[in-house]
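Asker: If you scroll down you'll find the structure; I have some questions about it.
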Ligand code: C2E
Ligand code: CA
Ligand code: CA
Ligand code: CA
């Protein structure tokens with residue numbers, strides 16, 4: 313319980329203490345995750361709404377510690393951000409994904425784009441474009457196959473920096489997508505100022521469409537607005553054929569969710585791409 317005002321007093325509950333201990337433990341172990349080879353990347357397919365073909369992939373980080381077991385990125389990414397470990401971790405992810413893409417290109421199974429999540433801190437700090445250009449140097453053509461996802465909340469936190477970084481990235485061929493659209497409280501006029509190529513509608517709006525008529529109306533409006541701005545729209549968290557039908561009917565361009573595939577190991581993703589290629 314936290315009281316603020318004149319005399320502010322804070323009470324720490326046992327739950328809060330436990331959470332703090334857990335964060336400390338995670339920070340300690342996460343610091344060694346790279347050297348101990350505990351990180352790996354999985355890939356989730358993103359399909360064309362109309363044809364069902366896999367068009368792109370989202371790279372998602374996984375951490376498995378030998379005692380703690382798998383730790384969700386929803387838990388360890390915030391810890392990485394707080395501790396500064398996000399800097400080497402992001403570098404590791406970028407390096408791993410570019411290497412995977414180069415291998416897939418040779419094998420003929422590289423999807424048209426692979427998207428990497430970048431935390432707001434990293435995105436707004438600058439230097440990202442420079443580092444990416446460096447990583448892509450030995451791989452001509454790959455820059456046009458890479459995309460970055462940045463959350464709506466991070467992008468509007470420092471709009472100027474975000475606009476600058478997105479433009480820099482675009483200049484080297486890397487496109488940006490706004491992630492978790494709708495989950496923040498930003499106005500559309502902010503989003504409209506970002507030179508992004510794609511908008512990803514947050515899972516919480518997709519979860520209960522079409523039954524939830526409010527969310528259905530919001531999704532419909534978001535798709536209309538995005539198309540009006542010339543953006544491609546992706547819906548996240550698609551789990552049922554009913555959601556798929558609705559999203560298709562309102563003109564959503566791309567769909568992502570368990571219905572089409574969970575985040576999977578690179579070999580499984582490659583097999584999925586091969587399966588849809590003409591023999
Ligand atoms: P996100 O970027 O919004 O990623 C989508 C999350 O939704 C992923 O969770 C994915 O596994 C999950 N998901 C996909 N389809 C469905 C579905 O149909 N139903 C449900 N219930 N969930 C679905 P994941 O992999 O646990 O990642 C959680 C968050 O952690 C991501 O949210 C992203 O913000 C962050 N994250 C993951 N990898 C990275 C990374 O490499 N760097 C950074 N900075 N953040 C990352
Ligand atoms: Ca994402
Ligand atoms: Ca998202
Ligand atoms: Ca999210």
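In the UniProt record's numbering, the protein residues as written are 313 to 591. Even glycine gets a Cβ: it sits at the ideal position worked out from N, Cα and C.
Rounded to whole angstroms, what's the CA-CA distance from residue 396 to residue 442? Just pull it up for me.
Answerer: Here residue 396 refers to the residue found at position 84 of the chain shown. Here residue 442 refers to the residue found at position 130 of the chain shown. One C-alpha to the other measures close to 19 Å.
Asker: Answer with buried or exposed for residue 569, where buried requires no fewer than 16 other C-beta atoms within 10 angstroms of its C-beta.
Answerer: In the chain shown, the residue the question calls residue 569 occupies position 257. Residue 569 should be labelled buried.
Asker: Just to confirm, is the Cβ distance from residue 391 to residue 373 under 9 Å?
Answerer: Position 79 of the chain shown, counting from 1, holds the residue named residue 391. Position 61 of the chain shown, counting from 1, holds the residue named residue 373. Their beta carbons are not under 9 Å apart, which means residue 391 does not touch residue 373 by this criterion.
Asker: I'd like to know whether the C-beta atoms of residue 648 and residue 507 end up nearer to each other than 9 Å.
Answerer: Here the chain has residues from 313 to 591 only, and residue 648 is not among them.
Asker: Would you kindly work out how many angstroms separate the C-alpha atoms of residue 437 and residue 393, rounded to a whole number?
Answerer: The residue given as residue 437 occupies position 125 in the chain shown. The residue given as residue 393 occupies position 81 in the chain shown. Their backbone Cα atoms lie some 13 Å apart in a straight line.
Asker: Hey, how far is the Cα of residue 518 from the Cα of residue 466?
Answerer: In the chain shown, residue 518 corresponds to position 206, counting from 1. In the chain shown, residue 466 corresponds to position 154, counting from 1. Taking the straight line joining both Cα atoms gives about 21 Å.
Asker: Mind checking which residues open and close the beta strand (DSSP E) that includes residue 502?
Answerer: Against the chain shown, residue 502 aligns to sequence position 190. Careful: residue 502 lies outside any beta strand (DSSP E), inside the alpha helix (DSSP H) at 500 to 505.
Asker: Select from 369, 488, 528 the residue whose C-alpha is nearest the C-alpha of residue 555.
Answerer: Working through the chain shown from its first residue, we reach residue 555 at position 243. Comparing Cα-Cα distances from residue 555 to each of 369, 488, 528, the minimum goes to 528.
Asker: Quick one: what's residue 427 bridged to in DSSP?
Answerer: Looking up residue 427 in the chain shown gives position 115. According to DSSP, residue 427 bridges with 370, 459.
Asker: At 3 residues or longer, and completely inside the stretch 512 to 587: list those beta strand (DSSP E) runs for me, N to C.
Answerer: 544 to 547, 566 to 568
Asker: If you run the structure through DSSP and keep just helix, strand and coil, what is residue 381?
Answerer: To locate residue 381, count along the chain shown from 1; it is residue 69. In the structure shown, residue 381 sits in a strand (DSSP, three-state: E or B).
Asker: Can you give me the start and stop residues for the beta strand (DSSP E) that residue 616 sits inside?
Answerer: One cannot answer for residue 616 here, as it falls past the ends of the chain, which runs 313 to 591.
Asker: Is the beta carbon of residue 342 sitting closer than 9 Å to the one on residue 375?
Answerer: Sequence index remark: in the chain shown, residue 342 carries index 30 (1-based). Sequence index remark: in the chain shown, residue 375 carries index 63 (1-based). Less than 9 Å divides the Cβ of residue 342 from the Cβ of residue 375.
Asker: Which of the three DSSP states is assigned to residue 597 in this structure?
Answerer: The question about residue 597 has no answer here: the residues shown for the chain are numbered 313 through 591.
Asker: What does the shell around ligand 2 hold, if a residue joins when its beta-carbon is under 6 Å from any heavy atom?
Answerer: 370, 429, 461, 491
Asker: Closest to residue 575 by C-alpha separation, out of 548, 542, 560, would be which residue?
Answerer: The count along the chain shown starts at 1 and reaches residue 575 at position 263. Closest by alpha carbon: 548.
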